[in-house]
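Sequential numbering from 45 applies to the sequence shown in the working numbering.
A short write-up of the structure that comes next.
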Amino acid sequence: MLPIGSSVGWACGSLAVVCVPDSDAPLSEVIRFATATYFGYDRHGGVEGLAALANSAIEEWRHVRTLRRSVQLIRASLFFESRRWHR
């Protein structure tokens, strides 16, 4: 499980460092982290692949209350959820 409550940065295939929002960050900051420079559809097999990833992550959270260990997978799930609820 990822540590929650402290900012974490990482480079993802580029020189850019992306900061993970703190656990008490406003929702707008979390959504910006999930969507501003990340296009989950391209990275995870289109809508179907991304939906499968996000749906399995939410089921895991509901049943055992754990988050994925990969920041990229968490970001992909947040990207999808922002799209799911944006309608």
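Glycine included, C-beta positions come from ideal geometry on N, C-alpha and C.
Remember, predicted model here, so these are calculated numbers, not experimental data.
Between leucine 111 and isoleucine 118, the C-beta gap is smaller than 7 angstroms, which places the two residues in contact. DSSP places arginine 113 in no alpha helix (DSSP H); its state is neither H nor E. In this chain, the alpha helix (DSSP H) harbouring histidine 107 covers 90 to 108. The shortest CA-to-CA distance from phenylalanine 123 to any of Asp86, Ser67, Asp66 and Pro70 is the one to Asp86.
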